[in-house]
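Chains as they are written, first to last, in this note's numbering: chain A, 1 to 183; chain B, 1 to 572.
Every residue, glycine too, gets a C-beta built ideally from N, C-alpha and C.
For reference, the structure is listed below as structure tokens.
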Ligand code: SF4
Ligand code: SF4
Ligand code: SF4
Ligand code: FES
């Protein structure tokens with residue numbers, strides 16, 4: 001059996017979730033000698049992201065071992081798809097575009113304002129798990145620069161002064177959801 | 001066979017050949033950049049990512065990459081039409097648009113394949129000014145240096161690391177404009193499973209991957225009047241450094257090299273080959289012990305630090321197998337700072353040991369925490385053949401015009417057995433010469449164990465030790481090492497002693513050697529140079545090295561004895 005990634009990695013994610021992932025992988029009947037097993041890699045990564053919410057290194061190593069491939073290979077695949085994330089994401093994912101057009105229109109100030117108000121840095125999640133901030137390169141909406149997306153919603157021509165208002169909208173929405181469904 | 005024409009000249013090549021192969025047969029030069037053919041090492045990098053080799057094929061709309069396009073019957077290829085030359089130039093200019101223009105201060109200057117192309121193409125301006133990537137430089141390992149801004153995404157390093165060495169430390173990371181090659185999660189090398197074999201450095205066309213340099217530290221030591229600075233040179237250096245001075249490959253330059261080092265200002269010029277002989281005496285003793293008890297077999301050689309890293313990361317359950325002997329670099333350093341220090345009456349902390357090595361991993365080895373004696377590093381700086389060549393040039397020393405001089409004693413005397421450490425199979429052969437005599441008590445008349453020499457994947461032999469059949473094997477390249485270890489693990493291997501060198505061909509092809517690009521014939525010439533030194537040596541068995549014998553008498557006691565163990569052995 002080819003030995004890969006033997007370096008021990010401390011695990012903090014729940015064993016039950018790993019068990020669920022393992023059951024999914026077991027059902028695929030991967031043949032560790034067969035090159036074609038790698039075709040299932042993306043499928044397993046999808047499942048893992050669905051289960052854990054993100055794909056940190058401990059999960060990557062676990063999957064690499066299941067496929068008997070190197071960690072580097074798994075890492076490379078994850079990095080190729082925007083869909084996959086290696087950092088935990090909040091319920092509301094804030095993306096600030098730092099492409100050239102947005103940048104020259106002050107996107108960095110907007111990003112700083114989000115960071116300031118939420119008290120986290122880009123790439124982090126708020127403690128309550130509600131918000132996460134990421135910056136991206138051009139999203140292709142340069143006419144609206146600077147552009148911010150929150151989940152599927154696009155905000156154009158965002159100025160630092162508007163940030164508070166945008167966030168408040170989501171805070172209200174969030175607290176609304178936590179309230180009992182029917183009074 | 002396939003018939004085609006290139007630039008109107010007919011040529012016949014084998015099925016499956018590429019346009020590039022066919023052109024080479026006609027001595028038509030098509031420039032290449034990403035392509036690298038090292039098929040003797042089972043590596044051909046054919047990702048066709050750069051398109052610098054573009055040619056025109058009659059009847060095809062698009063230009064074809066010659067390196068990856070198979071020939072076809074009746075094909076008509078044009079390699080130097082206006083369209084071809086114009087396209088190649090534009091492609092090169094696009095690559096250059098996202099490449100730093102700091103050649104003047106680049107470690108790879110004059111050895112860079114991108115720079116060479118720019119020169120050939122007569123590039124005289126930066127035509128396109130696009131966005132440029134900017135990634136941090138990784139110097140965390142103190143052995144490898146990675147500068148992603150200089151990466152042209154040829155993927156040679158990945159092919160080498162993953163397919164030849166089977167280490168799998170590298171991957172393309174990200175996509176589009178921001179894609180770069182590096183360890184998993186773009187972590188620094190220290191946090192990866194890289195073994196520092198440096199083979200990726202050997203194939204990288206630019207300075208995206210280089211060795212971590214210690215030239216300045218070495219100069220500072222030389223010019224520090226309070227320090228006694230000794231230098232040791234590995235066996236493989238004498239067979240390669242001449243190349244950097246235009247001396248024909250395969251010419252041994254031992255005496256000239258010694259003279260050059262002395263002129264540089266080192267206080268003593270020692271030979272790591274002495275340490276190699278010492279290693280053999282200790283290791284032979286260990287081999288015999290393990291054979292007698294039958295425990296911890298097979299014994300694996302431990303002179304190659306990259307190989308040791310490979311076992312540590314990939315086969316941690318076999319960590320008890322390698323010989324506990326330190327490598328020749330570390331033994332020579334230790335003896336210089338103990339025995340020699342005592343002899344000249346200088347405190348160990350006032351001695352600086354500089355090691356000239358063919359190797360990137362030796363830089364890492366010198367820094368391993370366990371390699372110090374009473375708080376003093378055994379080896380202070382490990383520099384490569386390439387770095388030493390630069391220092392000699394800076395110091396105004398041209399090896400071609402040096403008279404031959406002798407190493408200093410007591411760490412300068414060596415045998416032919418120590419010299420062949422630099423080629424794959426050499427450590428094993430040297431050990432056999434000593435083990436045979438120690439076990440049988442008879443004199444070995446023919447010391448040449450040619451069966452373990454050569455570039456083939458794994459060489460094996462059975463040696464009759466007067467009744468006991470000793471089964472040995474030697475292999476180079478970590479891919480071959482993996483195969484051997486897997487068999488050891490499965491219990492299907494029958495060997496008693498195994499030598500592994502991480503670099504294909506051994507240290508003569510180390511990651512710190514003068515760049516050979518695709519010229520594997522140079523590796524053969526270098527190998528022959530070492531064996532010719534051995535053949536001409538008066539003493540060809542390590543245990544007959546008079547200085548080593550004296551070292552045991554005056555200082556160490558018995559091989560494998562208490563003091564020898566304390567100073568010359570380590571654990572993993
Ligand atoms: S030094 Fe060797 S192991 Fe490390 S990345 Fe390069 S080729 Fe791979
Ligand atoms: S690091 Fe060097 S060898 Fe690797 S892809 Fe980049 S340019 Fe090519
Ligand atoms: S084979 Fe030699 S040059 Fe290569 S890593 Fe090992 S010791 Fe260094
Ligand atoms: S050399 Fe042929 S595509 Fe790069």
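- Query: Between the stretch 62-76 of chain A and chain B, which residues of the former have a C-beta closer than 7 Å to a C-beta of the latter?
  - Reply: 70, 71, 72, 73, 75 and 76
- Task: Spatial neighbours of residue 529(B) within its chain, please: CB distance less than 7 Å, with the 5 preceding and 5 following residues excluded, ordered by chain position.
- Result: Numbered from 1 along the second chain, position 529 holds the residue referred to as residue 529(B). Contacts found: 239, 250, 251 and 252.
- Query: Does any residue of chain B bring its CB to less than 8 Å from the CB of residue 57(A)?
  - Reply: Here residue 57(A) is taken as the residue at index 57 of the first chain, counted from 1. Cβ-Cβ to chain B under 8 Å: yes for residue 57(A).
- Residues of chain B with CB under 9 Å from residue 79(A), in chain order? Mapped onto the first chain, residue 79(A) falls at position 79. Here the neighbours are 171, 172, 173, 174, 175, 179, 185 and 186.
- Under a three-way DSSP split, which group does residue 475(B) fall into? Numbered from 1 along the second chain, position 475 holds the residue referred to as residue 475(B). Residue 475(B): strand per DSSP, three-state reduction.
- Query: Thinking C-alpha only, which one of 165(B), 268(B) and 129(B) is nearest residue 505(B)?
  - Reply: The residue you call residue 505(B) lines up with position 505 of the second chain. Nearest C-alpha to residue 505(B): 165(B).
- Taking residue 232(B) as the reference, which of 406(B), 486(B) and 561(B) has the closest Cα? Residue 232(B) sits at position 232 when you count from the first residue of the second chain. Taking only the C-alpha atoms, the option nearest residue 232(B) is 406(B).
- Task: Could you check the C-alpha separation between residue 168(A) and residue 145(A) for me, to the nearest Å?
- Result: For the purposes of this step, residue 168(A) is identified with residue 168 of the first chain, where counting begins at 1. For the purposes of this step, residue 145(A) is identified with residue 145 of the first chain, where counting begins at 1. Cα to Cα, residue 168(A) sits roughly 22 Å from residue 145(A).
- What runs of the alpha helix (DSSP H), each 4 residues or longer, lie entirely inside the stretch 192-218 of chain B? 199-203
- Query: Straight-line CA distance for residue 178(A) to residue 165(A)?
  - Reply: Here residue 178(A) is taken as the residue at index 178 of the first chain, counted from 1. Here residue 165(A) is taken as the residue at index 165 of the first chain, counted from 1. Low confidence applies here, because residue 178(A) scores a pLDDT of 47, under 50, leaving its location unreliable; read the following figure in that light. Their backbone Cα atoms lie some 20 Å apart in a straight line.
- Query: Which term fits residue 313(B), buried or exposed, when burial requires 16 or more other beta carbons within 10 angstroms of its beta carbon?
  - Reply: In the second chain, counting from the first residue as 1, residue 313(B) sits at position 313. Flag for residue 313(B) reads buried.
- Query: Of all Cβ atoms in chain B, is any one closer than 8 Å to the Cβ of residue 178(A)?
  - Reply: Locating residue 178(A) in the first chain gives position 178, where the first residue counts as 1. Low per-residue confidence applies at residue 178(A): pLDDT is 47, beneath 50, and the placement is therefore not dependable enough to give any value.
- Item | Whole-angstrom distance between residue 339(B) and residue 182(B), CA atom to CA atom | In the second chain, counting from the first residue as 1, residue 182(B) sits at position 182. In the second chain, counting from the first residue as 1, residue 339(B) sits at position 339. Roughly 43 Å between the two C-alpha positions.
- Item | Whether residue 281(B) touches residue 434(B) by CB criterion (8 Å) | The sequence position of residue 281(B) within the second chain is 281, counting from 1. The sequence position of residue 434(B) within the second chain is 434, counting from 1. Going by C-beta atoms, residue 281(B) is nearer than 8 Å to residue 434(B).
- Item | Between the CA atoms of residue 68(A) and residue 2(A) - distance to the nearest angstrom | As a working mapping, residue 2(A) is identified with position 2 in the first chain. As a working mapping, residue 68(A) is identified with position 68 in the first chain. Only weak support exists for where residue 2(A) lies, its pLDDT of 46 falling under 50; the value from the coordinates is given anyway. Using only the alpha carbons, I get a separation of about 6 Å.
- Task: List the endpoints of the continuous alpha helix (DSSP H) containing residue 417(B).
- Result: Here residue 417(B) corresponds to residue number 417 of the second chain, with the count starting at 1. From DSSP, the alpha helix (DSSP H) with residue 417(B) extends over 416-419.
- When the Cα of residue 19(A) is compared with those of 51(A), 157(A) and 34(A), which residue comes out closest? Reading the first chain from its first residue, position 19 is the one you call residue 19(A). If we check each option's Cα against that of residue 19(A), 51(A) comes out closest.
- Task: List the endpoints of the continuous beta strand (DSSP E) containing residue 178(B).
- Result: What you label residue 178(B) is simply residue 178 of the second chain in a count that begins at 1. Per DSSP, residue 178(B) belongs to no beta strand (DSSP E) and is neither H nor E.
- Task: Quick one: give me the first and last residue of the alpha helix (DSSP H) that residue 546(B) is part of.
- Result: Within the second chain, numbered from 1, the residue matching residue 546(B) stands at position 546. Element bounds for residue 546(B): 546-551.
- Just list the beta strand (DSSP E) runs in the stretch 138-181 of chain B, keeping only unbroken ones of 3 residues or longer that don't cross its boundaries, in chain order. 144-146 and 170-173
- Which parts of the stretch 283-350 of chain B are runs of the alpha helix (DSSP H), unbroken and 4 residues or longer, counting only runs that do not cross its ends? 305-314, 328-335 and 341-344
- Item | Which of helix, strand or coil DSSP assigns to residue 6(B) | Looking up residue 6(B) in the second chain gives position 6. Correct three-state label for residue 6(B): strand.
- Task: Confirm, please, whether the CB-CB distance from residue 273(B) to residue 476(B) is below 8 Å.
- Result: Against the second chain, residue 476(B) aligns to sequence position 476. Against the second chain, residue 273(B) aligns to sequence position 273. Cβ distance not < 8 Å, so residue 476(B) and residue 273(B) don't count as in contact.
- Message: Taking 8 Å as the threshold (beta carbon to beta carbon), is residue 182(A) in contact with chain B?
- Response: Numbered from its first residue, the first chain carries residue 182(A) at position 182. Note that residue 182(A) scores a pLDDT of 40, beneath 50, so its modelled location is shaky; the value from the coordinates is reported in the next line. So no, residue 182(A) is outside the interface.
- Query: Closer than 7 Å: is that where the CB of residue 157(B) sits relative to any heavy atom of ligand 2?
  - Reply: Numbered from its first residue, the second chain carries residue 157(B) at position 157. True, at least one ligand heavy atom lies under 7 Å from that Cβ.
- Message: Which residue wins for smallest C-alpha separation from residue 47(A), given the options 116(A), 100(A) and 28(A)?
- Response: Indexing the first chain from 1 puts residue 47(A) at position 47. Here the closest residue by C-alpha is 28(A).
- Message: As a quick check of your reading: which residues have a C-beta less than 5 Å from at least one non-hydrogen atom of ligand 3, in chain order?
- Response: 197(B), 304(B), 306(B), 358(B), 359(B), 361(B), 501(B), 502(B), 503(B), 507(B) and 510(B)
- Query: Is any beta-carbon of chain A found at less than 8 Å from that of residue 477(B)?
  - Reply: The count along the second chain starts at 1 and reaches residue 477(B) at position 477. Closer than 8 Å: no.
- Task: Indicate whether at least one CB of chain A lies closer than 8 Å to the CB of residue 168(B).
- Result: Here the question's residue 168(B) lines up with position 168 in the second chain. Closer than 8 Å to some Cβ of chain A, the Cβ of residue 168(B) qualifies, so yes.
- Could you tell me which residues DSSP pairs with residue 569(B) in its beta bridges? One-based indexing of the second chain puts residue 569(B) at position 569. Answer by DSSP bridge pairing, in chain order: 325(B).
- Message: Please classify residue 307(B) as buried or exposed, where buried requires at least 16 neighbouring CB atoms within 10 angstroms.
- Response: Translated into positions along the second chain, residue 307(B) becomes position 307. Residue 307(B) comes out buried.
- Answer yes or no: the CB of residue 41(B) versus the heavy atoms of ligand 1, is any distance below 7 Å? Locating residue 41(B) in the second chain gives position 41, counting from the first residue. It does not: the Cβ of residue 41(B) is nowhere closer than 7 Å to a heavy atom of ligand 1.
- Query: Do residue 33(B) and residue 205(B) have their C-beta atoms within less than 8 Å of each other?
  - Reply: Here residue 33(B) refers to the residue found at position 33 of the second chain. Here residue 205(B) refers to the residue found at position 205 of the second chain. For residue 33(B) and residue 205(B), yes; Cβs fall inside 8 Å.
- Item | residue 171(A), buried or exposed, once every other Cβ within 10 Å from all chains shown has been counted against 16 | Position 171 of the first chain, counted from the first residue, corresponds to residue 171(A). Per the 10 Å Cβ criterion, exposed.
- Residue environment, residue 495(B), which counts as buried when at least 16 other CB atoms sit within 10 Å: By 1-based counting over the second chain, the position of residue 495(B) is 495. Buried is the call here.
- Helix, strand or coil for residue 241(B) per DSSP? Residue 241(B) sits at position 241 when you count from the first residue of the second chain. Note: residue 241(B) maps to helix in three-state DSSP.
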